[in-house]
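S.K.:
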Amino acid sequence: MGLWAVLRAIWFVIVGIPIFYVVAVLFGAPLLSELYETLTFAIALSCLVFFPLGLTFTSYDQLGRLVFENRPDTKRQLVAQRIAFGSVLGAWGGAAVIPLDWDRPWQIWPTPCVAGGVIGAFLGLLLAIFALRCGPLTFSKRQKWKIV
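Residue numbers for the sequence shown follow the UniProt record's numbering, beginning at 1 and rising by one.
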């Protein structure tokens, strides 16, 4: 991993910002009334998702195979995949507290989604470490989970 990998990762983050902005707006975030807040969310999630992916992937074919076919080729790609998926799922799960009528400062957009993304990235990293240390979980014939 060298300078080109870091530059590629930064490029992935820059390209990912408008993608996450549009996705956030499509999921109900304000388009222009809270521009800075939505842009902050897009930047944070783009950094959490695309920076690890940009560091580990050398081609768009590898990235597509990982995202659409769930087939990481290396351990680094597995870790990047779990961090990225955890970030997206965490941000989506963090949005669950926004419509509650508690009127707490941590419920204001985009705080719960950014916090959920960070927590999801951490949990994704823990799952990746578990998968690398213990091996994948499979389902045996006797319907019990076992570690292979």
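By construction, the Cβ of each residue, glycine as well, lies at the ideal position given by its N, Cα and C atoms.
In three-state DSSP terms, what is Pro72?
M.R.: DSSP places Pro72 in coil when its eight states are reduced to three.
S.K.: Evaluate the contact criterion for the segment 79–93 versus the segment 115–129: three or more CB pairs, one atom per stretch, below 8 Å.
M.R.: These segments touch.
S.K.: Which residues in the same chain have their Cβ closer than 8 Å to the Cβ of Gln77, if we skip the five residues on either side of it in sequence?
M.R.: Cβ within range, chain order: Thr56, Phe57, Gln62 and Leu66.
S.K.: Note down, in chain order, each residue of its chain lying with its Cβ closer than 7 Å to the Cβ of Gly75, except the 5 sequence neighbours on either side.
M.R.: Gly is not the amino acid found at residue 75; the sequence shown has Lys there. Excluding residues within five positions, the ones whose Cβ falls inside 7 Å are Leu132.
S.K.: Along the chain, where does the alpha helix (DSSP H) containing Gly120 start, and where does it finish?
M.R.: Taken as a continuous stretch (DSSP letters only), the alpha helix (DSSP H) holding Gly120 covers Thr111 to Cys134.
S.K.: So which of Gly16, Gly135, Phe51 and Cys47 has the shortest CA-CA distance to Ala5?
M.R.: Ala5 has its Cα closest to that of Phe51, out of Gly16, Gly135, Phe51 and Cys47.
S.K.: State the DSSP-derived secondary structure class of Thr56, mapped to helix, strand or coil.
M.R.: Thr56 falls in the helix class under three-state DSSP.
S.K.: What alpha helix (DSSP H) runs, 4 residues minimum, are completely inside the segment 12–69?
M.R.: For the segment 12–69, whole alpha helix (DSSP H) runs of length 4 or above, ordered along the chain, are 35–56 and 60–69.
S.K.: Could you tell me the distance, in whole angstroms, from the CA atom of Leu53 to the CA atom of Asp101?
M.R.: Spanning the two alpha carbons is a distance of roughly 37 Å.
S.K.: Assuming Ala42 and Ile14 form a contact by the criterion Cβ under 8 Å, report the distance between their Cβ atoms to the nearest whole angstrom.
M.R.: Not quite, the Cβ-Cβ distance comes to about 11 Å (not below 8 Å), so this is no contact.
S.K.: Since I believe Val79 is in contact with Ala128 (beta carbons under 8 Å), could you give me their beta-carbon distance rounded to a whole number of angstroms?
M.R.: Indeed, because the Cβ distance is near 4 Å, the residues count as touching under 8 Å.
S.K.: Could you round the C-beta distance between Thr40 and Val25 to whole angstroms and report it? I think they count as a contact, below 8 Å.
M.R.: Actually they do not touch by this definition, with Cβ atoms about 14 Å apart.
S.K.: When you compare only the Cα positions, how much space is there between Tyr60 and Gly135?
M.R.: So the alpha carbons of these two residues sit roughly 27 Å apart.
S.K.: Flag this pair as yes or no: are the beta carbons of Ala95 and Pro72 separated by less than 8 Å?
M.R.: Going by C-beta atoms, Ala95 is not nearer than 8 Å to Pro72.
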